[in-house]
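In the working numbering, the protein residues as written are 407 to 784. The beta carbon of each residue, even a glycine, is placed where N, CA and C say it ideally should be.
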């Protein structure tokens with residue numbers, strides 16, 4: 407069946423986006439022109455392939471394994487809007503089967519002797535620590551310009567257009583259970599609702615917080631206890647892994663002080679080896695960590711490790727503030743907006759203070775604490 411024709415809303419938003427793209431092209435050089443063109447073409451091709459979710463559900467050829475993920479979308483969107491105070495609009499009312507493992511491939515670059523991601527600046531998103539490409543080959547070609555640095559290319563299952571379009575559900579967004587799919591929808595809707603140009607760590611921490619806490623509340627309202635138990639187990643493993651990466655980054659920070667590129671390479675190899683060993687040992691005690699232990703035996707570098715910190719740095723701090731507001735989503739969203747309006751230095755001071763409180767109370771996040779949590783030591 408062919409894709410449905412774009413709606414008037416889609417055409418209107420596409421024209422707006424093209425106008426913004428044209429401004430960006432006027433202000434940039436040839437290499438940037440090629441980049442923006444591949445981004446515009448990739449997104450346009452994706453939107454042309456959208457099918458309404460109801461149409462996909464009515465299609466007898468739709469695989470049985472896909473149906474529960476599509477059926478939960480309406481409930482998840484309603485919950486996001488009415489309970490989580492998120493702006494759902496008409497997002498996730500369409501579906502795209504991408505027939506590939508990722509929707510985009512993000513390029514991350516860092517100096518060998520510093521824990522610092524290279525940033526690229528964009529008209530809407532501000533300056534961020536990655537650059538996305540609609541093909542792995544294009545990302546690899548771009549990476550060749552940074553041969554002397556640490557480079558990592560990571561596939562992403564989703565991205566948000568921040569309200570410029572009604573984003574569809576992608577086949578790459580489907581999780582192990584329908585609850586996991588709903589959780590990722592909450593994550594992306596958080597980006598649509600609140601986005602701070604240039605502050606990747608807070609943007610991703612906010613979205614990750616909404617995803618995790620929202621998933622727990624949604625599971626309880628929908629009677630998804632089995633899915634929730636599996637989700638909690640995976641989240642406990644992810645948190646343990648994130649904590650272990652944080653320990654490694656702290657050690658690398660000290661090791662890199664005053665180091666040249668060659669010094670840094672020599673100093674970090676024993677730390678990388680210890681990290682891999684600790685991860686394997688922890689996975690032997692906690693099998694839910696095995697996928698991380700296997701995946702992270704591949705080569706390590708600063709760029710790859712920093713992608714982990716970007717998504718989780720401020721999550722414990724946000725837990726503390728959410729609890730201080732009585733777990734009320736509208737109040738928490740208003741607080742987040744006020745935080746976003748502050749200068750970056752002031753935001754960071756606020757978050758650091760909350761993070762210190764989170765450390766003191768050992769992630770005491772009341773009714774949504776994951777009792778399956780465990781720790782790995784480096």
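Going by DSSP, what residues sit across from residue 533 in a beta bridge?
-> Reading the chain shown from its first residue, position 127 is the one you call residue 533. Note: residue 533 sits in a beta bridge opposite 527.
Is the CB-CB distance between residue 482 and residue 591 below 9 Å?
-> If you number the chain shown from 1, residue 482 lands on position 76. If you number the chain shown from 1, residue 591 lands on position 185. Yes, these two residues count as a Cβ contact at 9 Å.
Answer yes or no: do residue 646 and residue 695 have a C-beta to C-beta separation smaller than 9 Å?
-> Here the question's residue 646 lines up with position 240 in the chain shown. Here the question's residue 695 lines up with position 289 in the chain shown. Closer than 9 Å, so yes.
Please classify residue 656: does DSSP put it in a helix, a strand, or coil?
-> As a position in the chain shown, residue 656 is number 250, starting the count at 1. Reduced to three states, the DSSP call for residue 656 is helix.
Got a sec? Which residues, its chain only, sit under 7 Å from residue 584 by beta carbon, not counting five neighbours each side?
-> In the chain shown, counting from the first residue as 1, residue 584 sits at position 178. For residue 584, where only same-chain residues beyond five positions count, the Cβ hits under 7 Å are 474, 475, 478, 633.
At which residues does the alpha helix (DSSP H) containing residue 560 begin and terminate?
-> As a working mapping, residue 560 is identified with position 154 in the chain shown. The continuous stretches of alpha helix (DSSP H) do not include residue 560, which lies in the beta strand (DSSP E) extending over residues 556–562.
Euclidean distance between Cα positions of residue 674 and residue 729 | Counting from one through the chain shown, the residue named residue 674 turns up at place 268. Counting from one through the chain shown, the residue named residue 729 turns up at place 323. One Cα belongs to residue 674, the other to residue 729, and the distance between them is close to 39 Å.
Since residue 576 and residue 563 are thought to touch, with beta carbons under 8 Å apart, how far apart are those beta carbons, to the nearest angstrom?
-> For the purposes of this step, residue 576 is taken as residue 170 along the chain shown, with counting starting at 1. For the purposes of this step, residue 563 is taken as residue 157 along the chain shown, with counting starting at 1. Contact holds; Cβ gap of about 7 Å.
Between residue 688 and residue 698, what straight-line distance do the alpha-carbon atoms span, to the nearest angstrom?
-> By 1-based counting over the chain shown, the position of residue 688 is 282. By 1-based counting over the chain shown, the position of residue 698 is 292. Straight-line Cα distance between these residues: approximately 11 Å.
Going by C-alpha distance, which of 471, 639, 549 is nearest residue 709?
-> Here residue 709 refers to the residue found at position 303 when the chain shown is read from its first residue. Looking only at 471, 639, 549, the smallest Cα-Cα distance to residue 709 is reached by 549.
State buried or exposed for residue 543, treating a residue as buried only when at least 16 other CB atoms are found within 10 Å of its CB.
-> In the chain shown, residue 543 corresponds to position 137, counting from 1. Counting other Cβ atoms within 10 Å of its Cβ, residue 543 stays below 16 and is therefore classed as exposed.
With a 10 Å radius around its C-beta and 16 neighbouring C-beta atoms as the bar for buried, classify residue 433 as buried or exposed.
-> Residue numbering aside, residue 433 sits at position 27 when the chain shown is read from its first letter. For residue 433, the predicted model reports a pLDDT of 40, less than 50, meaning its position is unreliable and no value from the coordinates is stated.
Quick one: is residue 638 buried, meaning 16 or more other Cβ sit within 10 Å of its Cβ, or exposed?
-> Position 232 of the chain shown holds residue 638. Buried is the call here.
Output the boundary residues of the beta strand (DSSP E) element that contains residue 818.
-> The requested residue 818 is not part of the displayed model; the chain covers only 407 to 784.
Other residues of its chain near residue 738: CB distance less than 6 Å, five sequence neighbours each side excluded | Within the chain shown, the letter at position 332 stands for residue 738. Excluding sequence neighbours, residue 738 sits near 728, 731.
Range of the contiguous alpha helix (DSSP H) that encloses residue 708 = Position 302 of the chain shown holds residue 708. Run containing residue 708: 708–718, per the alpha helix (DSSP H) assignment.
Can you grab the Cα-Cα spacing for the pair residue 428 / residue 570, in whole Å?
-> Here the question's residue 428 lines up with position 22 in the chain shown. Here the question's residue 570 lines up with position 164 in the chain shown. Because the pLDDT at residue 428 is just 46, under 50, the model does not fix this residue reliably, and the value given afterwards should be weighed accordingly. As the crow flies, the alpha-carbon of residue 428 is around 16 Å from that of residue 570.
Helix, strand or coil: which one does DSSP assign to residue 539?
-> Here residue 539 corresponds to residue number 133 of the chain shown, with the count starting at 1. Under the three-state reduction of DSSP output, residue 539 falls in the strand class.
Skipping 5 residues on each side, what residues in its chain have a beta carbon closer than 6 Å to that of residue 435?
-> If you number the chain shown from 1, residue 435 lands on position 29. At residue 435 the pLDDT is 48, less than 50, meaning the model places this residue with poor confidence; the figure from the coordinates comes in the next sentence. There are no such residues.
Sufficient close CB pairs (3 or more, under 8 Å) joining the stretch 525–541 to the stretch 588–605 = A contact exists between the stretch 525–541 and the stretch 588–605.
Thinking just about the alpha-carbon of each residue, which of 567, 557, 784 is nearest to the one in residue 686?
-> Looking up residue 686 in the chain shown gives position 280. Ranking 567, 557, 784 by Cα distance to residue 686 puts 784 first.
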